[in-house]
Structures are given as structure tokens and as C-alpha cells.
Amino acid sequence: MKRIVLGIPVGLTFADLSPDQQQALGGDGFQCKCPMTGTIERDGYFLADCLTSDEVDHESFATLGMDWPIVVVCTWSGSGVLHEVVPVDGDLLLSFLAPVTIFDDEGQVVETRDPVLHEPSRWSGWPPLF
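Take a look at the structure:
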């Protein structure tokens, strides 16, 4: 399996994609969390956390009009270590992470801090990205 975390234009759905674009993402085997849990919209994109087949070629995305920012592309066989095809772009991921909000005992916001680099969500059973 291949995991791809990438920016998707806000408002775009899988159904909006052309058949070629849908097939490039993996067609019927494609699964996606849109937006990725724990992330925010940035510069007209939200992050999508996608699982697809090993045959998906992320390098073909741009030729199909999907020249969207890619945070990471990795493969995993279901056991052993995760293999990064495109290493995690920590700065890009960080720019999509929500600020950390601190609440008091009454639930009032007392402080907002810059986000800290972390993996905001993961597919069940998959090893961590970092």
C-alpha cells in the first residue's frame, strides 16, 4: 500500500475529478481522509491523507492537472518499516497544523501557541511517519 499526504484545493471532491485523475489516485482502491484530521486550510488547500495502491505514480499528477503540494509519499507492506518515496516535508506539514489552544477550567481560551510538528492522524495499523 502507498500513503500520500497532499494538498487538495478547497471545495474539490473526488467526484469532481476527471476519470483519468480518479484513476491516477487509485480508482476504486482509493481511500482518503479529507481534510486530514488535526489540520487546517492554508492558501486555498486542505490536506488529504490517502491510502492507495503501490502502482499509483505521484509523479504523473502534475501532467493531469493535479500539481498540488505533497507532504509525503510512503509505502508499507503491512509489516516491517515504512519506506519514504518522497520524504516528509516537515515545514509544509507544520504550515497545515492547527495552533495549540490552552483552556482554563471553565473552558475559556487562555492562550494560543504555535503548532508543534507532529503527525496529527494515522491510518490504523500503519507505523508513524516520524
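Quick note on numbering: the sequence shown equals residues 9 to 138 in our numbering.
We treat Cβ as the ideally placed atom computed from N, Cα and C, and that holds for glycine.
These figures come from a predicted structure and were not determined experimentally.
With a CB to CB cut of under 8 Å and the five nearest residues on each side skipped, what residues in its chain are close to residue i?
| i | result |
| --- | --- |
| residue 76 | 14, 15, 16, 17, 53, 69 |
| residue 117 | 109, 110, 111 |
Shortest alpha-carbon distance to residue i belongs to which of the options?
| i | options | result |
| --- | --- | --- |
| residue 103 | 34, 78, 136 | 78 |
| residue 108 | 45, 27, 119, 136 | 119 |
| residue 89 | 41, 133, 25 | 133 |
| residue 47 | 136, 125, 81 | 125 |
| residue 63 | 71, 73, 82 | 82 |
| residue 21 | 98, 74, 115 | 74 |
| residue 58 | 51, 33, 135, 72 | 33 |
| residue 66 | 42, 49, 44, 93 | 93 |
From the DSSP output, which residues share a beta bridge with residue i?
| i | result |
| --- | --- |
| residue 31 | Looking at the DSSP assignment, residue 31 forms no beta bridge with any residue, so it has no partner. |
| residue 158 | Because the chain is modelled from 9 through 138, residue 158 falls outside the range shown and cannot be assessed. |
| residue 109 | 120 |
| residue 92 | 82 |
Suppose the cutoff is 7 Å on Cβ atoms and the five residues either side in sequence are ignored; what does the same chain contact list for residue i look like?
| i | result |
| --- | --- |
| residue 37 | 60, 61 |
| residue 122 | 107 |
Look up residue i in the DSSP assignment and say whether it is helix, strand or coil.
| i | result |
| --- | --- |
| residue 66 | helix |
| residue 37 | helix |
| residue 72 | helix |
| residue 24 | helix |
| residue 138 | coil |
Near residue i, what residues of its chain come up, given a Cβ to Cβ distance below 6 Å and the 5 sequence neighbours on each side ignored?
| i | result |
| --- | --- |
| residue 2 | The first residue shown for the chain is 9 and the last is 138, placing residue 2 beyond what the model contains. |
| residue 27 | none |
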